[in-house]
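Structure first, then comments.
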Amino acid sequence: MILPGLIDVHTHLRVPGGEHKEDFATGTAAALAGGITMILAMPNTSPPIATPAVLADTLTIAQQSIRCDVGLYAGASGEHLSTLGEMARQTAALKIYLNDTFGTLRIDDVPTLIDCFKIWPKEKPIALHAEKQSMAVAIAMSAVYDRPVHIVHVSRKEEIELIADAKMRGLKVTCEVAPHHLFLNQSDFERLGPLADMRPVLGTPEDVASLWSHINDTVDCIATDHAPHTLEEKRSANPPPGIVGLQTSLPLMWTAVTENRLSQKRLVELMHHNPKKIFDLPEQPDTFVEIEPEVKTTIRNSDILSRCGWTPFDGREVVGKIKRVILRGEEVFAHGQVIAEPGSGRVITANSV
Ligand code: DOR
Ligand code: ZN
């Protein structure tokens, strides 16, 4: 079974400042092992990717160490509005955080939000972390400034229903859902504690059912929100939110295909065509993923290539094994081994700028 190279528009790679959790070489190895050949990396690093200087340094490190194609997000910060526009050309999109999560990036006043929408070039995407009532703010911004917005990791019934209504009105809103919000719920948090804690938090069974019921219409993309933290950090007094997802996203979603929860065609739309279209991403010629569609495997911490080395899905049986990944005609992953060398991937931006 052949699928196109998958695109993850929501990955945390922790460069700069969090390399003990993940770096470009380890994160992109995990991506390839998960059938993902292109990722967009989030800016909530330390320092955040919110100034041209940090962006330049991060791009240099990326070019030397990525094994698949990577685009960077610019992070919106009220302190650095004067140089925000300068980052557009070398980044894939702007990320605006309207809610609390890991890291310091946050926009919590309307004047700064308006500035971000006015400064960022109209043809370049804006992605927003917008939960609960912040989502209404994000959708209103899209309507007022008549430009597309992409809402990241939607997790609640009320949110997916609001987006469905916004789309029905013709507003330019797209959204992604993370596999953990489709395959785990609050009871997993009770079982696993900090190992199943992330932002947004896991939903109720009703939230999860609502996300699944919108999988064929309102949901545009599956995105991992791969957010590695070490076990030591997770077991500390103040555990950070976030879990990995690059290697488990396709096996979980393929398992759902085998259970007739969505079609194979829909999976490819959610994990390749729609991300490419929404973020206007470049073509990767001769790029595909070979899977053994009926092979059952068990997800194991010991197989996790991410530097943090664990997953809340440890022990879960899935259907569909990733056999080989080809990127631009080169074998980059085969039979459990990542072959691509650090530095062989390309830094990408949106096509339009
Ligand atoms: O759980 C999360 N962790 N959600 C986010 O939005 C950020 C992420 C992180 O960077 O750790
Ligand atoms: Zn995230």
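Sequence positions in the sequence shown follow this note's numbering and run 1 to 353. Even for Gly, the Cβ is constructed at its ideal location relative to N, Cα and C.
Inter-residue distance for THR218 and ALA164 is about 5 Å (C-alpha atoms, whole angstroms). Ranked by how close their Cα comes to the Cα of PRO43, the residues LEU211, PRO4, TYR97, GLU123 have TYR97 in first place.
For the pair VAL9 and GLU283, the CB atoms are not nearer than the 8 Å cut-off. Counting only runs of 3+ residues, the beta strand (DSSP E) found wholly inside the region 81-159 occupies 93-97, 126-129, 149-151, in chain order.
Taking 7 Å as the cut-off, one finds no heavy atom of the ligand DOR near enough to the beta carbon of ALA74.
Under DSSP, GLU330 forms a beta bridge with LEU327. One alpha carbon belongs to PHE102, the other to ARG14, and they sit about 11 Å apart. Placement of the Cβ of ASN185 at a distance of 7 Å or more from every heavy atom of the ligand DOR is found.
Taking C-beta separations shorter than 7 Å and ignoring five residues to either side along the sequence, the partners of HIS214 in its chain run ILE160, ALA164, following chain order. DSSP places MET38 within a strand segment (E or B) once states are collapsed to three. For ASP207, there is no enclosing beta strand (DSSP E); the enclosing alpha helix (DSSP H) covers residues 205-213. Straight-line spacing of the CA atoms in ALA31 and ASN216 works out to 25 Å. Within the chosen limit of 7 Å, the ligand DOR reaches the beta carbon of MET198 through at least one heavy atom.
For the pair ALA166 and ALA143, the Cα-to-Cα distance works out to about 9 Å. A straight line joining the alpha-carbon of SER249 with that of LEU270 spans about 12 Å.
Around the Cβ of MET1, a 10 Å sphere holds fewer than 16 other Cβ atoms; the residue is exposed.
Within the chosen limit of 7 Å, the ligand DOR does not reach the beta carbon of PRO43 with any heavy atom. Annotated three-state conformation of GLN284 is coil, per DSSP. Cβ contact annotation for ALA25 (same chain, cutoff 6 Å, sequence separation greater than five): SER65, PRO342, in chain order.
For LEU252, the closest alpha carbon among the candidates HIS181, PRO228, LEU162 is that of HIS181. The region 133-140 and the region 262-278 do not touch, with fewer than 3 CB-CB distances between them shorter than 8 Å.
Following the DSSP letters along the chain, one finds GLU233 inside the alpha helix (DSSP H) bounded by residues 231-234.
Within the model, the alpha-carbon separation for ASP69 versus ILE348 is close to 7 Å. Per DSSP, LEU3 is one residue of the beta strand (DSSP E) stretching across 2-4.
Rounded to whole angstroms, the separation of the alpha carbons of HIS226 and LEU195 is 13 Å.
Judged by DSSP secondary structure, THR174 falls within the beta strand (DSSP E) whose first and last residues are 173-177. Contact between VAL325 and VAL332 holds, with the beta-carbon distance rounding to 5 Å and staying under 8 Å. Assigned with DSSP and collapsed to three states, ILE348 falls in coil, not helix or strand.
For ALA127, the CB stays at least 7 Å from every heavy atom of the ligand DOR. Within the same chain, Cβ atoms closer than 8 Å to the Cβ of HIS335 are found at LYS323, ARG324, the five residues on either side in sequence being excluded. In the three-state reduction of the DSSP assignment, GLU317 falls in the strand class, which pools E and B. DSSP places LYS296 in the strand class (E or B) of the three-state scheme. The shortest C-alpha to C-alpha distance from PRO52 to any of ALA41, GLN90, PRO228 is the one to GLN90. Contact between the region 307-316 and the region 71-80 is absent: fewer than three C-beta pairs spanning the two stretches fall below 8 Å.
A straight line joining the alpha-carbon of LYS118 with that of ARG147 spans about 11 Å. Where VAL70 is concerned, the enclosing beta strand (DSSP E) starts and stops at 69-75.
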